[in-house]
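Enquirer:
Protein chains: 2
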Amino acid sequence: MRGAVIHAPRDIRFDTLEDPKIVHPTDAIIRTAVTCVCGSDLWPYRGVEPTGEPHPMGHEYVGFVEEVGGEVTAVRPGQFVVGSFATSDNTCVNCRNGFPSNCLHRAFMSTCQAEYIRIPNAQGTLVATDDVPGEELWPSLLAVSDVMGTGWWAADAAEVRPGSTAVVVGDGAVGLCAVIAAKERGAGRIIVMSRHEPRQRLARAFGATDIVTERGDEGVARIKDLTDGIGADSVLECVGTAQAMRQALRSARPGGDVGFVGVPHGVAVDGQELFFSHVGLRGGPAPVRRYLPDLIDRVLSGRIAPGRVFDLALPLDQVAEGYLAMDERRAIKTLLRP
Amino acid sequence: MRGAVIHAPRDIRFDTLEDPKIVHPTDAIIRTAVTCVCGSDLWPYRGVEPTGEPHPMGHEYVGFVEEVGGEVTAVRPGQFVVGSFATSDNTCVNCRNGFPSNCLHRAFMSTCQAEYIRIPNAQGTLVATDDVPGEELWPSLLAVSDVMGTGWWAADAAEVRPGSTAVVVGDGAVGLCAVIAAKERGAGRIIVMSRHEPRQRLARAFGATDIVTERGDEGVARIKDLTDGIGADSVLECVGTAQAMRQALRSARPGGDVGFVGVPHGVAVDGQELFFSHVGLRGGPAPVRRYLPDLIDRVLSGRIAPGRVFDLALPLDQVAEGYLAMDERRAIKTLLRP
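Protein chains in written order, with the numbering used here: chain A, 1 to 338; chain B, 1001 to 1338.
#1: Are there three or more Cβ pairs, one per stretch, closer than 8 Å when the segment 253 to 269 of chain A is compared with the segment 128 to 136 of chain A?
#2: For my contact list, valine 174 of chain A and glycine 284 of chain A are in at a C-beta cut-off of 8 Å; report their separation, rounded to the angstrom.
#3: The alpha helix (DSSP H) that contains alanine 1248 of chain B, what's its start and end?
#4: Quick check: what's the CA-CA separation for proline 1020 of chain B versus glycine 1058 of chain B?
#5: Given 8 Å as the limit, is there contact between the segment 1224 to 1235 of chain B and the segment 1156 to 1176 of chain B, that is, 3 or more CB pairs closer than that?
#6: Hey, quick one: how far does the alpha helix (DSSP H) through alanine 1296 of chain B stretch, first residue to last?
#7: How far does the beta strand (DSSP E) with phenylalanine 80 of chain A in it extend, from its first residue to its last?
#8: Per DSSP, which residues does glutamate 67 of chain A bridge with? Please list them.
#9: Aspartate 294 of chain A CB to nearest chain B CB: under 8 Å?
#10: So with Cβ pairs under 8 Å, would you call arginine 253 of chain A a contact of chain B?
#11: Would the beta-carbon of glycine 1003 of chain B fall within 8 Å of that of alanine 1114 of chain B?
#12: Cβ closer than 9 Å: which chain B residues qualify as neighbours of glycine 284 of chain A?
#13: Does the CB of methionine 326 of chain A have a neighbour CB from chain B at under 8 Å?
#14: Whose Cβ in chain A lies nearer than 8 Å to the Cβ of valine 1263 of chain B?
#15: When the distance is taken between beta carbons, is isoleucine 1191 of chain B closer than 8 Å to lysine 1183 of chain B?
#16: Anything in chain B within Cβ reach of asparagine 94 of chain A, meaning under 9 Å, just list it in chain order.
#17: Below 8 Å, can you find three or more Cβ-Cβ pairs linking the segment 135 to 152 of chain A to the segment 218 to 230 of chain A?
#18: So, for aspartate 257 of chain A: in the same chain, excluding its five sequence neighbours on each side, which residues have a beta-carbon less than 6 Å away from its beta-carbon?
#19: Check whether the Cβ atoms of proline 306 of chain A and valine 144 of chain A sit closer than 8 Å, and answer yes or no.
#20: Mind listing the chain B neighbours of phenylalanine 99 of chain A? Cutoff is C-beta to C-beta under 9 Å, in chain order.
#21: Determine the DSSP secondary structure at threonine 1087 of chain B, reduced to helix, strand or coil.
#22: Quick check for students: name the residue ranges of the alpha helix (DSSP H) that lie wholly in the segment 1112 to 1200 of chain B, counting only runs of 4 or more.
#23: Is there a Cβ of chain B sitting closer than 8 Å to that of asparagine 121 of chain A, yes or no?
#24: Roughly how many angstroms separate the alpha carbons of tyrosine 323 of chain A and valine 169 of chain A, rounded to a whole number?
#25: Tell me the residue span of the beta strand (DSSP E) that contains isoleucine 1006 of chain B.
#26: Just to confirm the assignment, what range does the beta strand (DSSP E) spanning glutamate 237 of chain A have?
#27: Should alanine 286 of chain A be labelled buried (16 or more other beta-carbon atoms within 10 Å of its own) or exposed?
#28: Any beta carbon of chain B sitting closer than 8 Å to that of valine 269 of chain A?
#29: Using a beta-carbon distance below 8 Å, is phenylalanine 1260 of chain B in contact with chain A?
#30: According to DSSP, which residues form a beta bridge with histidine 1055 of chain B?
#31: Along chain A, in chain order, which residues have C-beta atoms closer than 7 Å to that of methionine 1245 of chain B?
#32: Identify the contact partners of asparagine 102 of chain A in chain B, using a Cβ-Cβ distance below 7 Å as the criterion.
#33: Tell me aspartate 270 of chain A's beta-bridge partners as DSSP assigns them.
#34: Which residue from B:Pro1054, B:Ile1304 and B:Asp1089 puts its Cα closest to that of asparagine 1341 of chain B?
#35: Would you report the Cα separation of glycine 340 of chain A and proline 1254 of chain B, rounded to the nearest angstrom?
#36: Roughly how many whole angstroms lie between the Cα atoms of valine 62 of chain A and leucine 141 of chain A?
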């Protein structure tokens, strides 16, 4: 089969790879329906994280079950399945506590920009749809496997409640999905920090009520202006930089909540500042598996369409262009079709 | 009147001071029933925080109303009242959101180791008991004004629930009150990190089920041993040092909660470590006013006796010895009687 391999920063190739095989009886092999490029894939692409030896890329997927290991009974060949970027057995204590992305047997997916994918912990990880959904729904179901699940987690961790005021920091695919999540959870006001006109448009389509273009202290001041001077009930931090985290913490009202879902790079939180703010802080890799049944339902019923974050669709063999377009901000997120 | 004044590190004097007067129509003057020395008073006493010009000390109090300003109708002269170390109008948006210790008109008390005290925001801050409680209850009601309220907040912020496992980091008066709070909130297991035998005894009397004497990585390993290898549901950080915070964060299970109530000194939380732990973190000055009616009831009904943390009682004029005994760890907490 063929799939994306990173050889060095900015050097993504569509290489011939060995076909994946069942390694453990808990594995499944799926044929990729659609996959995509994640904002976090740009960290190694840009050389911010070391790339090391050439290795496959990609952790988002939906597909058709090809083969299952002897212990996998939850899905069967031919079914259309949605999974998570973090696999989980869905039975361990951390899974039972609601944190499958901290499963004791967790494996992070990393070979999904390819024609076929081996899914460890398939029994706990994969959720099959009743029927094969129409192709027009595949992008939204793909989004559920990561960015939509992560946006939902941001809203969950930030305790977005009916009627509350939410601020979304970051207008990437996760931030935009966080807007959907805040809207679905009933937020009365959704303020998005964004400077990019096409993303602002999509944010408004997803339910944003206000756009703030200022950043840093000015951005925080603007949020305070919009929230009776005290800040927002919930802030959804969807970037992962020190600046974004500072902005998020200072945009929350006393006793408000910040959910942070961008992998932090160079972030340290000052204990005394957090203390006097009374703000609650929770983040981490999204427990997507917990949300899958609900989010799949919302997509299939047409309530949400997170697939709209894909503003570029390419054949899988043009994966290199898919990265470049995102790197140059020509695309929010690139869909790849095998 | 007379009261405690800090002149320099380790120089506490019982000086003659001006009698407090009503300054604002929202003030009340109370005659102190009992007051005490707080662990946080030791920061300036030890010179860790600058002392500056000589100034009065103390922020914990119960007493009898002497006089009220024109806008104070909630309490009247002669009543026995309990307050909070942070005053609040109990009407502003932060108060309504449950964070009176972040009241827009908050004033931190700082003159309470004295015979009379001026209470700003008296209308929102003071809660009167129906009758004058017996003197044997005064120490526990005094504890409610700070350490018991703060212990309760630690358990609240750490989401202690019926049946959950709680770890208390710190065996000072707040840590011991946090044990009471965890017990009252139904924790199934309460593990206290303590090396001091008399404090361990009191912790057990308050409901601790396990004592861990190890610290740092060894302490964390011991907590994991006691919690199926994953850590505790809730960790109550009642110290405020970098070591205590690290220990707290690492003692919580994935997706668990840390409530931190010791004023942080030199604490910075690593964003990436917090991220991958999935741990929720919330702290701050305790919203004591929110808890006052409930905690006063628990004391008056005999359910809790947080006054047991006072293991030294002195006449107010011996306040200097009260500080010294706590500094030398001869006392957990010193009660002062005018």
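By construction, the Cβ of each residue, glycine as well, lies at the ideal position given by its N, Cα and C atoms.
Expert: Put simply:
#1: The segment 253 to 269 of chain A is not in contact with the segment 128 to 136 of chain A.
#2: So it is not a contact: roughly 13 Å between Cβ atoms.
#3: In this chain, the alpha helix (DSSP H) harbouring alanine 1248 of chain B covers 1242 to 1251.
#4: Rounded to the nearest angstrom, the two C-alpha atoms are 15 Å apart.
#5: Result yes; three or more Cβ-Cβ pairs closer than 8 Å.
#6: Note that residue 1296 of chain B is isoleucine in the sequence shown, not alanine. First-last of the alpha helix (DSSP H) with isoleucine 1296 of chain B: 1288 to 1300.
#7: Per DSSP, phenylalanine 80 of chain A is one residue of the beta strand (DSSP E) stretching across 80 to 82.
#8: For glutamate 67 of chain A, which the question treats as bridged, DSSP gives the partners A:Ile29.
#9: Aspartate 294 of chain A has a beta carbon lying at 8 Å or more from every beta carbon in chain B.
#10: Judged by the 8 Å Cβ criterion, arginine 253 of chain A is in contact with chain B.
#11: Going by C-beta atoms, glycine 1003 of chain B is nearer than 8 Å to alanine 1114 of chain B.
#12: Result: Pro1254, Gly1255, Leu1274, Phe1275, Phe1276, Ser1277, His1278 and Val1279.
#13: For methionine 326 of chain A, the answer is no, since every Cβ of chain B falls outside 8 Å of its Cβ.
#14: What valine 1263 of chain B touches in chain A: Gln272 and Phe275.
#15: No, Cβ-Cβ distance for lysine 1183 of chain B and isoleucine 1191 of chain B is not below 8 Å.
#16: Taking the beta carbon of asparagine 94 of chain A as reference, the chain B residues within 9 Å of it are Ile1230, Arg1253, Pro1254, Gly1255 and His1278, listed in sequence order.
#17: No, the segment 135 to 152 of chain A is not in contact with the segment 218 to 230 of chain A.
#18: Cβ neighbours of aspartate 257 of chain A beyond the five flanking positions: Ala158, Glu159, Ser234 and Gly280.
#19: Yes, the Cβ-Cβ distance between proline 306 of chain A and valine 144 of chain A is below 8 Å.
#20: For phenylalanine 99 of chain A, the neighbours in chain B by C-beta distance under 9 Å run, in chain order, Arg1253, Pro1254, Gly1255 and His1278.
#21: Threonine 1087 of chain B falls in the strand class under three-state DSSP.
#22: Counting only runs of 4 or more, we get 1122 to 1125, 1138 to 1144, 1147 to 1157 and 1173 to 1184.
#23: Interface residue (Cβ-Cβ distance to chain B less than 8 Å): asparagine 121 of chain A is not classified as such.
#24: Here the alpha carbon of tyrosine 323 of chain A sits roughly 23 Å from the alpha carbon of valine 169 of chain A.
#25: Per DSSP, the unbroken beta strand (DSSP E) holding isoleucine 1006 of chain B starts and ends at 1002 to 1008.
#26: Note, glutamate 237 of chain A: beta strand (DSSP E), 232 to 237.
#27: Flag for alanine 286 of chain A reads buried.
#28: Yes, valine 269 of chain A counts as interfacial toward chain B.
#29: Yes, phenylalanine 1260 of chain B counts as interfacial toward chain A.
#30: Secondary-structure assignment with DSSP links histidine 1055 of chain B through a beta bridge to B:Ile1006.
#31: Going along chain A in sequence order, the residues near methionine 1245 of chain B (Cβ under 7 Å) are Gly271.
#32: Neighbours of asparagine 102 of chain A on chain B, chain order: Pro1254, Gly1255 and His1278.
#33: In DSSP, aspartate 270 of chain A forms a bridge with B:Ala1268.
#34: Because residue 1341 of chain B is not part of the residues shown, which for chain B are 1001 to 1338, the question remains open.
#35: Since the first residue shown for chain A is 1 and the last is 338, residue 340 of chain A is missing from the structure and cannot be characterised.
#36: Answer to the nearest angstrom: the Cα atoms are 7 Å apart.
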